[in-house]
Structures are given as structure tokens and as C-alpha cells.
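Number of protein chains: 2
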Amino acid sequence: MALEARAEASDRRREPVRVGLLGCGTVGTGVVKLLRHNAEMLARKLGTRLELVAVADRSLKPQPSLGLSRALIMRDPLELAARADVDIVVELLGGRDPARSAILIALENGKDVVTANKALLAEDGEQIFRAAAERGLAVGFEASVGGGVPIIRILREALAADRQRAVYGIVNGTCNYILTRMSEQGSEFSAVLKQAQCSGLAEADPTLDIDGHDAAHKLCLLVTLAFGVMLKPDQVYTEGISKIEPLDVACATELGFALKLLAIAKDDDGAIEARVHPTMTPLSHLLSGVRDAFNAIYIQSEALGSSMYFGLGAGQMPTASAVAADILESARRRLCGGRWAANPLGYPMQSIRPARVKSMDDVVCEYYLRFMAADRPGVLGAIASVLGRCGISLASVIQRERGGAAAVPVIMRTHEARERDLKLALGEIQKLSVVKARPVFIRIEEHL
Amino acid sequence: MALEARAEASDRRREPVRVGLLGCGTVGTGVVKLLRHNAEMLARKLGTRLELVAVADRSLKPQPSLGLSRALIMRDPLELAARADVDIVVELLGGRDPARSAILIALENGKDVVTANKALLAEDGEQIFRAAAERGLAVGFEASVGGGVPIIRILREALAADRQRAVYGIVNGTCNYILTRMSEQGSEFSAVLKQAQCSGLAEADPTLDIDGHDAAHKLCLLVTLAFGVMLKPDQVYTEGISKIEPLDVACATELGFALKLLAIAKDDDGAIEARVHPTMTPLSHLLSGVRDAFNAIYIQSEALGSSMYFGLGAGQMPTASAVAADILESARRRLCGGRWAANPLGYPMQSIRPARVKSMDDVVCEYYLRFMAADRPGVLGAIASVLGRCGISLASVIQRERGGAAAVPVIMRTHEARERDLKLALGEIQKLSVVKARPVFIRIEEHL
């Protein structure tokens, strides 16, 4: 009882922790809602209130129902970032500047920073993280990869004493939604993309998502957290989903696979394999059960073995929940004193060296192949001979729909082969007169 | 460059963080291996070495291959817990005493504590957590629930700004292994249990596991982390898996369900529903794909929506990886100064009140029912009438194998019903002369 009374008395004396928000768009509004709706619970967890003291936004109008009074709203993010009455600056402006300048000003002024700005971190992460580390301040960026899936914390803290072997991520909800719909409806890519755009699950300009570049950006952060080396997005082999045909999705199911856009990174004895591409995964594998706009990151670690983390990778409230968790963590730390304990990327910035990247030519996996070939005897033999000569052995062959058509699909599944050998074989096969179109190949991850 | 040089110079000046280990059995040996094998990586992350300075174990012999020299080994855990040259005490003794005394002595002496001792925390957690909080010290217990699944951190930190609605956990690997084998082999419970014991996946005395009590203990910790209230294991409705028959497992599959031992907690407007029992989950749900000895915790949160965390819940190295992550976190904090930022259970101890527990009678779910009944006309009608009178409506009926046998199984699936009404109905049905055995009922979670 004496202890309780003391603790409560000390709580009453505590000043609130003051939050300033830069940018009040979709996610920002979600954060405002969450801080307001959960104010009592957050105060109980902290022993003091989290108080939103200022919002800098170019066009925000007062919204009394959210507690956004006129007095709270300002226009200049740089001015907010320097305000003496703010402890934690939450950057949700997006883009490079003024986001970058605001974050650096906030750190210079001793404030912790929370951001969901993946693009900015990809460009200027090093400068920002160093500025924070120098002053023992926190930079929370949980929302920047996997949205509500706490993969940053998990790699940086929960798996931090273990060595990671491989990371397989479904980290782009738009692509996963499109591939799920294509599989379940048998529809064309373009039709599903249109559906997704109508329902707000794809951007008006979806290029970054469907070409795999968004996933490649996220993979770079995951590589550093998992393996302690730095990778640039242009070092990631990146292939999108726009060329996927319904026929291949159907054949994948027939062969016992789901089709996913995976971001894959492996540490092969110090050489980092990093690639983003459509991938066939066994239907019985947990990753294959990740449907629609959900994200999941599946990790293989030396001591822990397999683990997986699943949740919504985007959307107002899932993203806001990750941002608010970072705010809470910063507030807890400030109340306890001391420097921020975790390096933002798990390793001291100065110890993170550029990755030695494995060439795509040296990657080994199984392949799904589809050839459109003349429907006559000897075709299979001709194709199989080339593959054999290039050292590629076949696990199974499916020849569908005979008769009529000028070209019929010949579907093959290979055993493990080196990408260099496969490319060589496909080049030769394409020259065969019986082969009527560019061969299709999709990588298979059977043993994840 | 100047910054790098400064940081490196400051790292060189850092003293090692010194670890003392109490108990060197299976998990303890795993921790020793991990700290040794990953020493270089851990030193890089910390900027200084993690040094194992003492191991207290009743019967440990020197093992030079693990770096366990004679000089490191002592016998008395209480003596180790008070040693001035130890910063972090890792308690892997198990059981209540001397584990409890050793932890309290360590905290009194300003050391952080890491433990995997779930039973001890269930009994004496409050005292231990308060002693730590009073001194701003850390108590890491990630390994005590879900083994290598970092569910403690996730609930305490990653989901901390959100409100949890429901938690569904596969938190006992032994039960999940047995149910998976029963489903895949069609075997009897007792046969699979024997297999599991032979392969080390079940204890010689498996009672705590198969009766659901281990899961109930873990659920209590999850309830506090998720909802901020305290629950005692005897307040959790607990039903094990030993009465599950292969016929019901087969019928579950036929109806599109997997059978899992789930630990379920829901917050129904302040009333906590907490129960552990065999549960049918839709085959298409991710939880149904969690096979063998794996664990998974599926959470529904207000802002985030659904999320799931999957990994190995037991075993030497998975458990050791969780213990070592806690050691690393403590070491990081010590090097940064300040009190430990997180309350061990997410809320200040003095604010955690006893839960208001919802009576099992008031739980509403769908049910799978099996009656062994005489194979003659009118039976179905008699059973269905009783159910109807009690307000329970049927979703589907399967009548299997007709003819010959004295009693045939009548399988029914209900719509949502109140447990009180179901119990009443089953009591009446059991009295019908056409019903030849005690009715079987298994709860269905269709909408998770």
C-alpha cells in the first residue's frame, strides 16, 4: 500500500508527454483518432498523459470532434519541429522535403521522431539515424515496413540474438490482393487491377507497387535489420506482376502452388541474395494462406527456426496503430531517462557496411516453365533435350488441351537449377521453330 | 569520419556486460551455446562484449568446448545472484525456490533479470515485477509464453497503443502435435501420445499439457498484457484433448474445420471471456495451417484488425533465442542508462485490477454435436426438437454409416447458441432412450 501510494503520487506529479504532428492526411488523422480514443488507456500505461500540442498541415481545418481546435493547427512544419513545448515529433508529411529538414531540426532540438516515411529513410536514413544516435534520441519507423506488422521491432529486438538465414516477405498488399483475386476469379491482371483501383486498394498510378519497387525498398530495410549490411534498391533483382497470365495462375494451383509476389533475402555465407519476383509457394505453406491485402514476413533463423508475422500492411488505422506504438515507446523512454537503447537498424550505424550481393546468375531454385508450342510429336523431346544439355532436369511435365490450336501450352517443373543455366536454355528453346512465343518462367520456392 | 572515430573510441572504452546463469540444463546450455556462437555479432550490436562470468548449477561439470571452465562454475544460485561482478542474472532453474529467492536477491542488488519460469511468474510475478519496477530494473520473460514467438514484446510494445478485442492462441506444442497427427494419420489419442513421448515431444507425465493447464497459465499472462487485468488460472475454463476421438477429427475435416486446442480470451465490454478447449477452426483460416509442435497467437485489435505471430513454442534453441534476446535488451538498456522503460506487463503493476470474468454459461458460439443414436426413423426429429425447444437452431446435419451397428453417429452443426442453453439441451437429449452415449460437443470458432 505504501508502495502504491508512492507510485500514484509520483504519477500525479508527472508532466504530460507532448506530441507534435507534421501532416494530417489519412494516416495522420488516424493517429489523432487513436490518441484521442485511447487517451485513458495510454495515460494508464504511461502514468501520464500523451498530449497532442500542435499539428502542422498546409490545409487542415479545425475539427472539434477530433479535438483539433484552431489553436492546435499551424502551417509550417519546420516551425513545429523546433517548438520548445514538443517532446515527440511525428512526421507524416511523406516525400523528401520538408520532411527531411523537419526531422533533422526536431532531432537537433532534442525531440524523438516517429515517421512512416519509407522513401525518405531509403534516401536519407543514414543521416537521420546518425543524428538521432549522436544525441541518444529515438527514431521510430515501425509503420514504414509491413504497416501494422511489427517486423522492425521483431528483427531489431526479438530475433536480435539469433542469426537470420532467410527472409520471405509478402510486403505489398496491392500485389497480394491482385494475385489473390486472379487466382480465385480466374481473371486477367488488368481487370483485377481496375477492381483494386475502384475499391481503393491500388493507387491511381500503381507502378511502384505492381512493378515490385515498393517491395524492393522494403526489402532493403529488412536486409539491414536481418543481416547488418546495407543494400540499395537498385541492387535488388526486381520483377513485377503485370505480366502474370491467368493460365499460369491456374497451372500453379494444379501443381499445388500459390502465386505470390515475394521479397526474398538470404545470407549465403556472407553473400546476400536479394530479389523480388512472382514466386510459387506450396499451397500447404502458411505464406500461401496469406490472402488479399494482408502482409506477412516469414523468417528462417538459426536457433529459432521458422517464424512468421502476419497482419495488414497498409490502411489508415493499421498504419496509425504502428505510429502510435512508436509514440508510446518514445514517451516511455523519455519518462525513464537514459539514451534510446536500440540502434534504429539493430547495429551501430558506423558498423553497417555495404552488402556483398550475390549475382542473380548464381541463384539456384526450382522453376515453373511454360512454352507455347506446335501441337505435334517430338516437341516435348526437343525442348527437354535443350534443358538436359544445359544441366536442367525435369520434375514433371503437363501437356494441356490437345488439338485445334496453333500452339498449346507445355508446362514443366524443373528440379533445382542455376539461373544462368536456365536463361541459356530458354534462349536456345526460343529459337526452336516449334516454339511459338517467348517462354514463361516463374521461380518456385518449394523448401521454405 | 570524426563521428565514427569518436563512436569507436567510446566503444573501446566500454566495459563488458556481465551475465550470470542460474541453472544449466537444456535451455541453459542452449543459451551458453548461443552467447558463444554469436559473440561477435552481439558485441557488434552492443558495442561491447556480453561476458558469461558465472554459472550456478548443482551438478554441472566443466565443458571446455562450450567455454564452461571450472572457474566459471559454482553451486549456490543465491551466492551468484548477489555477486558484485554480475550485471544480468538469467534464471533457468525452474520451480519455485530457490528461483524466487535468487531473482529477488538479484533485483535487490541492482541486476536485471531474465527468466523463462512461467510457473514462478504465475505464483510470484506480482512480487517480482514490483521489486523490479521499484528499482527501474528489467525483468525479461519472453521465453515463458510461446517460446520463440515474441508475443510478450508484441503485446507490450507493438500493439500497445491499440485496444485488443480477442486473442486466440495455439500455445501448447504438445497438444498441437498430437491433434495434427490424429488428423493426418486418423490415429487414436493414446497412440499418438505414445509416439510423441518417444520422440521427446511430450513429457513422461504429460498431464499439464494435455489437460490444457499449461495453456491456461499462458493465457493468464496474455490476458494481462492484452487487457490490463489480472486473471488466475483457476478462473480460466479449461478442457483438455484427451477425450478427442478420431471420428470427431474426421468429421471436423468433412465439415471444413481443423481441430485445435485454443486458448481464447475476449474483452466483451469489460467482461473477460477466458477459455481453453478443443476448438474447430475453418480450414481456410491461417490458424488451421499451424501444424505439429508450432505455436501461433492470432489477435484481433480495434485499429490494426487481425494479426498473427507464428513460431516454435518450445525446444532448446528456440527458447534460448528468446532468453538471449532478453539478455541483449537488458544489456542495451544498461549501456544507455535510465530506468527500464516498459512495465513488465505493459501497465504499472498497481493499476492492474482483477478481471471481471464472464461466466462460461454466457459464452456464445457455434457447436459441433455428435450423438450415438439408434439407427431408426424419428431419431433425428427427437433430437432436433429438444434443441429447438432450447432455442438452438441447426446449420447442418450429417448422418453417417447406416445399418448394422447398434448405434450410429448423428452429427450436427449449430448456429450461434448460448452455452447455458446448449448444456440444458444436451442434458435432455441424453435422457432420450434412442441416444446411446453421452453426447459429444466441440466449440466452433467460425468468425475469427
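Chains as they are written, first to last, in the working numbering: chain X, 836 to 1283; chain F, 836 to 1283.
Think of the CB as a built atom: it goes at the ideal place given N, C-alpha and C, for glycine as much as any other residue.
Everything numeric in this text was worked out from a predicted model, so none of it was measured.
Exercise for review: Please determine, among R1224(F), V1199(F), P1189(F), I1246(F), the residue with the shortest C-alpha to C-alpha distance to A1208(F).
Suggested key: By one-based count along the second sequence, residue 1208(F) stands at place 373. The shortest Cα separation from A1208(F) among R1224(F), V1199(F), P1189(F), I1246(F) belongs to I1246(F).
Review point. Less than 7 Å separating the beta-carbons of L1122(F) and T1114(F)?
Key: The sequence position of residue 1122(F) within the second sequence is 287, counting from 1. The sequence position of residue 1114(F) within the second sequence is 279, counting from 1. Not closer than 7 Å, so no.
Check your understanding: What runs of the alpha helix (DSSP H), each 4 residues or longer, lie entirely inside the segment 974-1030 of chain F?
Key -> 1008-1020
Exercise for review: Using beta-carbon positions only, say whether A891(F) and L915(F) come within less than 7 Å of one another.
Suggested key: Here residue 891(F) corresponds to residue number 56 of the second sequence, with the count starting at 1. Here residue 915(F) corresponds to residue number 80 of the second sequence, with the count starting at 1. Yes, Cβ-Cβ distance for A891(F) and L915(F) is below 7 Å.
Practice item. Compare the C-alpha of S1136(X) against each of G1075(X), V1002(X), S1268(X) and name the closest. Key: The residue you call residue 1136(X) lines up with position 301 of the first sequence. Among G1075(X), V1002(X), S1268(X), the Cα nearest to that of S1136(X) belongs to V1002(X).
Practice item. Run down chain X in chain order and give the residues with a C-beta less than 8 Å from the C-beta of H1012(F). Key: Along the second sequence, read from residue 1 onward, the residue named residue 1012(F) stands at position 177. In the sequence as presented, His is not what sits at residue 1012(F); that position holds Tyr. Near Y1012(F) there are no residues of chain X at all, since even the closest Cβ is about 15 Å away, more than 8 Å.
Point to revise | Proximal residues, the segment 1171-1185 of chain X versus chain F, C-beta separation under 9 Å | key: C1171, G1172, G1173, R1174, W1175, A1176, A1177, N1178, G1181, Y1182, P1183, M1184, Q1185
Review point. Buried or exposed: P912(F), going by 16 or more other Cβ atoms within 10 Å of its Cβ?
Key: Taking the first residue of the second sequence as position 1, residue 912(F) is located at position 77. The residue is buried, with at least 16 neighbouring Cβ atoms inside 10 Å.
**Study point:** Through-space distance from S1119(F) to L928(F), alpha-carbon basis
**Key:** In the second sequence, residue 928(F) corresponds to position 93, counting from 1. In the second sequence, residue 1119(F) corresponds to position 284, counting from 1. Those two C-alpha atoms are separated by around 41 Å.
Review point. Is there a Cβ from chain X that is less than 7 Å from the Cβ of G989(F)?
Key: In the second sequence, residue 989(F) corresponds to position 154, counting from 1. Going by the sequence as given, residue 989(F) is Ile instead of Gly. Taking Cβ atoms only, chain X reaches closer than 7 Å to I989(F), which makes this a yes.
Review point. Closest to V924(X) by CA distance: which of A996(X), L901(X), E886(X), E958(X) is it?
Key: Here residue 924(X) corresponds to residue number 89 of the first sequence, with the count starting at 1. Among A996(X), L901(X), E886(X), E958(X), the Cα nearest to that of V924(X) is on E886(X).
Practice item. Can you give me the Cβ contacts of A840(F) inside the same chain, cut-off strictly under 8 Å, excluding the 5 residues immediately before and after it? Key: For the purposes of this step, residue 840(F) is taken as residue 5 along the second sequence, with counting starting at 1. A caution first: A840(F) carries a pLDDT of 44, below 50, which makes its placement in the model too unreliable to give a value.
Point to revise | Selection from S1228(X), S894(X), M1184(X) that minimises the alpha carbon distance to T1249(X) | key: Here residue 1249(X) corresponds to residue number 414 of the first sequence, with the count starting at 1. Among S1228(X), S894(X), M1184(X), the Cα nearest to that of T1249(X) is on S1228(X).
Point to revise | Completely contained beta strand (DSSP E) runs for the segment 882-967 of chain F, where each covers 3 or more residues | key: 885-891, 923-926, 947-950
Check your understanding: Looking at the unbroken beta strand (DSSP E) that takes in G1146(X), where does it start and where does it end?
Key -> On the first sequence, residue 1146(X) is found 311 positions in, with the first residue counted as 1. G1146(X) -> beta strand (DSSP E) spans 1140-1147.
Check your understanding: Which residues in the same chain have their Cβ closer than 6 Å to the Cβ of A1106(F), if we skip the five residues on either side of it in sequence?
Key -> Here residue 1106(F) is taken as the residue at index 271 of the second sequence, counted from 1. So the list reads R1191, K1193, once near-sequence residues are dropped.
Check your understanding: DSSP three-state call for E850(F): helix, strand or coil?
Key -> As a working note, residue 850(F) is residue 15 in the second sequence. Here E850(F) sits in coil by DSSP.
Practice item. Give a yes or no on contact between the segment 1166-1184 of chain F and the segment 1007-1022 of chain F, applying the rule of three or more CB pairs nearer than 8 Å. Key: no
**Study point:** Exposure of G1226(X), with buried meaning 16 or more beta-carbon neighbours within 10 Å
**Key:** Within the first sequence, residue 1226(X) is the residue found at index 391, counting from 1. Exposed is the call here.
Exercise for review: Can you grab the Cα-Cα spacing for the pair G1173(X) / G975(X), in whole Å?
Suggested key: On the first sequence, position 338 is the one that residue 1173(X) refers to. On the first sequence, position 140 is the one that residue 975(X) refers to. Whole-angstrom Cα-Cα distance: 16 Å.
Check your understanding: In whole angstroms, what separates the C-alpha of L1215(F) from that of P1244(F)?
Key -> Here the question's residue 1215(F) lines up with position 380 in the second sequence. Here the question's residue 1244(F) lines up with position 409 in the second sequence. The straight-line gap from Cα to Cα measures roughly 11 Å.
Point to revise | Bridge partner(s) assigned by DSSP for E1108(X) | key: Residue mapping note: residue 1108(X) aligns to position 273 of the first sequence, counting from 1. DSSP output for E1108(X) lists K1101(X) as bridge partner(s).
Check your understanding: For the beta strand (DSSP E) that S1231(X) lies in, which residues bound it at each end?
Key -> Counting from one through the first sequence, the residue named residue 1231(X) turns up at place 396. Element bounds for S1231(X): 1229-1234.
Exercise for review: Grab the span of the beta strand (DSSP E) containing C1200(X) for me, first residue to last.
Suggested key: As a first step, residue 1200(X) is located in the first sequence; it is residue number 365 there, counting from the start. It spans 1199-1208 - the beta strand (DSSP E) in which C1200(X) sits, taken as one unbroken run.
Check your understanding: Nearest to R1082(F) by alpha carbon, out of G1262(F), L1014(F), A1217(F)?
Key -> Translated into positions along the second sequence, residue 1082(F) becomes position 247. The sequence shown places Leu at residue 1082(F), rather than the Arg named in the question. Nearest option by C-alpha distance: L1014(F).
Review point. Per DSSP, what kind of secondary structure is I1162(X) in: helix, strand or coil?
Key: In the first sequence, residue 1162(X) corresponds to position 327, counting from 1. In this structure, I1162(X) counts as helix in the three-state DSSP scheme.
Check your understanding: Are the Cβ atoms of L1257(X) and A1128(X) separated by less than 7 Å?
Key -> For the purposes of this step, residue 1257(X) is taken as the residue at position 422 of the first sequence. For the purposes of this step, residue 1128(X) is taken as the residue at position 293 of the first sequence. It is not a contact, given that the beta carbons lie outside the stated cut-off.
Exercise for review: Flag L928(X) as yes if its beta-carbon sits less than 7 Å from any beta-carbon of chain F, otherwise no.
Suggested key: The count along the first sequence starts at 1 and reaches residue 928(X) at position 93. Answer no: the Cβ-Cβ gap between L928(X) and chain F never drops below 7 Å.
**Study point:** Beta-bridge pairing of Y1182(X) - partner residues as DSSP gives them
**Key:** To locate residue 1182(X), count along the first sequence from 1; it is residue 347. BP columns for Y1182(X) are empty, so no partner.
Point to revise | C-alpha gap between I1187(X) and E1080(F), whole angstroms | key: Numbered from 1 along the first sequence, position 352 holds the residue referred to as residue 1187(X). Numbered from 1 along the second sequence, position 245 holds the residue referred to as residue 1080(F). Whole-angstrom Cα-Cα distance: 55 Å.
Check your understanding: In this structure, does DSSP put A1155(F) in helix, strand or coil?
Key -> Along the second sequence, one-based indexing puts residue 1155(F) at 320. Correct three-state label for A1155(F): helix.
Exercise for review: Report the residue from D1040(F), R1110(F), D1102(F), A973(F) whose alpha carbon sits nearest the alpha carbon of V1006(F).
Suggested key: One-based indexing of the second sequence puts residue 1006(F) at position 171. The residue with the shortest Cα to Cα distance from V1006(F) is R1110(F).
Exercise for review: Let me know the secondary structure DSSP gives A878(F) once reduced to three states.
Suggested key: Along the second sequence, read from residue 1 onward, the residue named residue 878(F) stands at position 43. Helix at A878(F).
Review point. Exposed or buried, I989(F), counting other C-beta atoms within 10 Å across all chains shown (16 or more means buried)?
Key: Counting from one through the second sequence, the residue named residue 989(F) turns up at place 154. When all chains shown are included, I989(F) counts as buried.
Check your understanding: Touch check for the segment 876-883 of chain F and the segment 936-949 of chain F: three-plus C-beta pairs under 8 Å?
Key -> no
Check your understanding: Quick one, which residues of the segment 976-1005 of chain X are near chain F if we go by CB-CB under 8 Å, in chain order?
Key -> E977, G983, V984, P985, R988, I989, E992, A993, L994, A995, A996, D997, R998
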